[in-house]
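Residue 73 in UniProt numbering sits at position 73 of the sequence shown, with consecutive numbering throughout.
Even for Gly, the Cβ is constructed at its ideal location relative to N, Cα and C.
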Amino acid sequence: MALVVALTGGSGFIGGQIARMLVGQGVSVRALSRTQSGMDGGILWVRGSLEDARSLAELMVGAQAVIHCAGAVRGRGAESFHTVNVDGSRRVMEAVVQSGTCERFLHMSSLAARHPELSWYSRSKADAEEAVLCAAGTVSVGIFRPTAVYGPGDRELQPLFTWLMRGLLVRLGAGEAHLSFVHVFDLAAAATQWITAPVAKPATYEISDGTPGGYSWKGLANIGADIRQARVWQIRVSIRLLKAIAQVNLALSYLLPRAPMLTTSKVNELIHPDWTCSNTAISAAIGWVPQIKLRRALQDGLF
Ligand SMILES: NC(=O)c1ccc[n+]([C@@H]2O[C@H](COP(=O)([O-])OP(=O)(O)OC[C@H]3O[C@@H](n4cnc5c(N)ncnc54)[C@H](OP(=O)(O)O)[C@@H]3O)[C@@H](O)[C@H]2O)c1
């Protein structure tokens, strides 16, 4: 019998890639959507939201595993992140426990959860991990903490890489900062592998493209220059200017329907000097290793 996986966030950047990969592997996917219902793209869409316990119960029908990928990545304040990321995650886990059929729960957290003190978002991701673990009972939980994710369908990092390939790198914050990235294809492969691995140890896994020490701003500029065979100019946006832009962005967002990504709270995350991480735990647990380094993705236009 085909494995049935219940997925949240399937209409999003990361969840969408996971959904397509699961379908490609013959897994039966039930995905929560706030706008869609019925079969589409080989996925059974269950209409509902993280706020609606009834739709979450329907989502779990017959599922043996859950990938919880829905989350707020933009917001105007701590409360809005908490409502979606913490309360929503707790509700998904409660539905899993009540289903009686789901044995495994993959929670898509973020490397940001390593530093809850930095932002509304990072606090909510750390608190969501705790909420999920508290409500889990006997359900086997895997927590993924991916670093910055990029790839087809992404809108946040895409401008950075597009400009890099045009010869301009916009550097935010400290010049000596070290960042890491993971391609969405690799992250989706890790998720599908964890959910189907014969033994998945309950644990928290950091996930990146495996470049030791990550990437410095200078390293990024060098990669761009190598591929372009031409110089990359670096523009440094000072923290003060970044915070001023963030303040204006937050104020203007009240005039728009979409919540803002760049806020003064987010700036603290962006300028953090160390976003490197190691795949040791996930590789040891399920044998996953990333296949796509940033240089190759930039070279092949996979962003
Ligand atoms: N992108 C990154 O670099 C990155 C890095 C680390 C971790 N993560 C984590 O990965 C997850 C997915 O991120 P993403 O980049 O794919 O974000 P995204 O493209 O904005 O997708 C978010 C998804 O969550 C759904 N969602 C949000 N609020 C919901 C609610 N109240 N009820 C039901 N569904 C809701 C959205 O549904 P709608 O389509 O209906 O809005 C969408 O499917 C998030 O938990 C994020 O924290 C992302």
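**Beta-carbon contacts of Ala78 that lie in its chain and below 6 Å, excluding the five residues immediately before and after** = Trp120
**Request:** Return the first residue and the last residue of the beta strand (DSSP E) that Tyr121 is part of.
**Result:** Taken as a continuous stretch (DSSP letters only), Tyr121 belongs to no beta strand (DSSP E), being part of the alpha helix (DSSP H) at Trp120 to Ala135.
**Prompt:** DSSP puts Glu269 in a beta bridge; with which residues?
**Reply:** According to DSSP, which records beta bridges pairwise, Glu269 is partnered with nothing at all.
**Prompt:** Does ligand 1 have a heavy atom nearer than 6 Å to the CB of Cys277?
**Reply:** no
**Request:** In the DSSP assignment, find the unbroken alpha helix (DSSP H) run with Arg228 in it and report its ends.
**Result:** Trp217 to Arg228
**Prompt:** Given Ala225, which residues of its chain have a CB within under 7 Å of its CB, disregarding the five upstream and five downstream residues?
**Reply:** Arg231 and Val232
**Item:** Neighbourhood of Ile286 by C-beta distance below 8 Å, restricted to the same chain and skipping five residues each side
**Value:** Ala190, Gln193, Trp194, Ala197 and Ala200
**Request:** State the DSSP-derived secondary structure class of Val248, mapped to helix, strand or coil.
**Result:** helix
**Prompt:** Would a C-beta distance cut-off of 7 Å place Leu294 and Phe181 closer than the cut-off?
**Reply:** yes
**Request:** Output the distance between the C-alpha atoms of Gln98 and Ser37, rounded to the nearest integer angstrom.
**Result:** 23 Å
**Asked** Using DSSP with H/G/I as helix, E/B as strand and the rest coil, what is residue 318?
**Response** The requested residue 318 is not part of the displayed model; the chain covers only 1 to 303.
**Request:** Kindly indicate which three-state DSSP category Gln98 falls into: helix, strand or coil?
**Result:** helix
**Item:** Buried/exposed call for Gln17, threshold 16 Cβ in 10 Å
**Value:** buried
**Limits of the unbroken beta strand (DSSP E) element including Thr8** = Val4 to Thr8
**Prompt:** Under three-state DSSP, which class holds Gly24?
**Reply:** helix
**Item:** Presumed contact (8 Å Cβ cut-off) between Tyr215 and Ile282, rounded CB distance
**Value:** That pair is no contact at about 20 Å.
**Request:** Would you be able to state if there are at least three C-beta pairs under 8 Å between the segment 130-144 and the segment 98-114?
**Result:** yes
**Prompt:** Which whole-angstrom value describes the C-beta separation of Gly71 and Asn85, a residue pair presumed to lie in contact below a C-beta threshold of 8 Å?
**Reply:** 5 Å
**Message:** If I measure Cβ to Cβ from Ala135 and keep anything under 8 Å in the same chain, skipping five residues before and after, which residues do I get?
**Reply:** Arg90, Met93, Glu94 and Val97
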